[in-house]
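Residue numbers for the sequence shown follow this note's numbering, beginning at 85 and rising by one.
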Amino acid sequence: MALLACMWAVNQLTSDWKALLNKETQLLKLRSGVGVFFSANTHPLESFTSVALSSRGKGGGGSIDWGFYSVELKSPTRTVAVSGSNDRDEALELAQALSRFLGVDLSVDGGHARPADARLEADPLERDQASPSLPPGSRIRVRHSAQGLVLQLPGCGWRPLFVMKAGIALVIAVGGPTVFGLAWVRTFGLRQLTSAEPLIALAVFLSLGGLLLWSVIREVNRGWSLAASSRGIEHSRTGGGKPREVTRLPASQIEDIDLRETEEKLFRSLTVVIEHKKGFVRIGAGLSREELEWTETMLRRALATRGCQGRGDAEA
């Protein structure tokens, strides 16, 4: 007990942390310990080119002591963690303030580095100008309508996660009845295999496996429909045999459109993320990076395009 108490005391004594940024001396000083006496590190500020907000497990961020979200300074040669929090909004505000203070770009969750106050800035789309060409071989469909820019994105295809789920479904549908049937025959004999109990069990295995496989195939073929303009973005899922549910995100609610990794632990992939005041919308999983970057650019430009009304007037 005494040893545990001593370890706890040492941890408390060394857990204090202070980061000092001095523009005059162009130095970053990181100190830890009670009265910040135990250790100190100094880094030149001019070497850092961006500020990054990352969650635990991404980009080296997410200190256990600081919380799930980590605020870091990045240079071409190193990454220095400055602070963090379990509250994402708090960590984001800190990262934005640090970006403004240093005059460098901000990257959120591995996305593109952009100025903190210009996360949605983009060149407007002009109707009399041709849209940027799609990447070769892309199945994305694009058109202009009264709603603005309309994009139809194909389904995500057979990503590794869905291949694994389909494999599990086949194991249940094929392997389950096979193993159960062999065990039943060994115990009760071949003649009892046609009785009601084993037939019901076999039907259950086949139904469960088939249902899981059907849900995977449906998800693989589900795409996205997007309509973007200065008024905001409307999005819905297409295909899969489900009725479309259209969700509208007003322009005043949208905070960023970026390219980021999914939060899947085993099979991460890039997606276009629409960040708004109530959460996130991820679209385009399974598309190539070139297609995702094209989609991200077009959505940002459509949102920046002014129609008959300005962005503020459209929300009035």
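The beta carbon of each residue, even a glycine, is placed where N, CA and C say it ideally should be.
Check residue i in the structure and name its three-state DSSP category.
i           : result
residue 389 : coil
residue 173 : helix
residue 327 : coil
residue 352 : coil
residue 310 : strand
residue 75  : Outside the displayed span of the chain (85 to 400) sits residue 75, for which this structure offers no information.
residue 322 : strand
residue 133 : coil
residue 333 : strand
residue 315 : coil
residue 346 : coil
residue 380 : helix
residue 183 : helix
residue 152 : coil
residue 118 : With a pLDDT of 48 at residue 118, under the threshold of 50, the predicted position of this residue should be treated as unreliable, though the coordinate-derived value follows. In the structure shown, residue 118 sits in a helix (DSSP, three-state: H, G or I).
residue 279 : coil
residue 92  : In this prediction, residue 92 scores a pLDDT of 48, lower than 50, which makes its location untrustworthy; the coordinate-derived value is nonetheless stated afterwards. Helix, per DSSP.
residue 371 : coil
According to DSSP, residue i sits in a beta bridge with which residue or residues?
i           : result
residue 164 : 157
residue 366 : 357
residue 191 : 136
residue 409 : The displayed coordinates of the chain run from 85 to 400. Any statement about residue 409 would go beyond what the structure contains.
Thinking C-beta only, is residue j closer than 9 Å to residue i?
i           : j           : result
residue 310 : residue 303 : no
residue 136 : residue 190 : yes
residue 219 : residue 390 : no
residue 185 : residue 164 : no
residue 206 : residue 388 : yes
residue 286 : residue 265 : yes
residue 331 : residue 343 : no
residue 195 : residue 357 : yes
residue 335 : residue 314 : yes
residue 182 : residue 157 : yes
residue 257 : residue 300 : no
residue 292 : residue 325 : no
residue 243 : residue 353 : yes
residue 159 : residue 168 : no
residue 312 : residue 382 : yes
residue 379 : residue 366 : no
residue 341 : residue 373 : no
My understanding is that residue i touches residue j, with C-beta atoms under 8 Å, so please give their C-beta distance in whole angstroms.
i           : j           : result
residue 192 : residue 134 : In fact, because the Cβ distance is near 11 Å, the residues do not count as touching under 8 Å.
residue 223 : residue 238 : 4 Å
residue 282 : residue 268 : 5 Å
residue 339 : residue 361 : 7 Å
residue 316 : residue 333 : 5 Å
residue 308 : residue 368 : 7 Å
Do we get a CB-CB distance below 9 Å when we pair residue i with the residues of chain E?
i           : result
residue 269 : Here chain E cannot be found, since the structure has a single protein chain.
task: Output the residue ranges of the alpha helix (DSSP H) runs that lie fully inside the region 195–265 and measure 4 residues or longer, sorted by chain position.
output: 244–254
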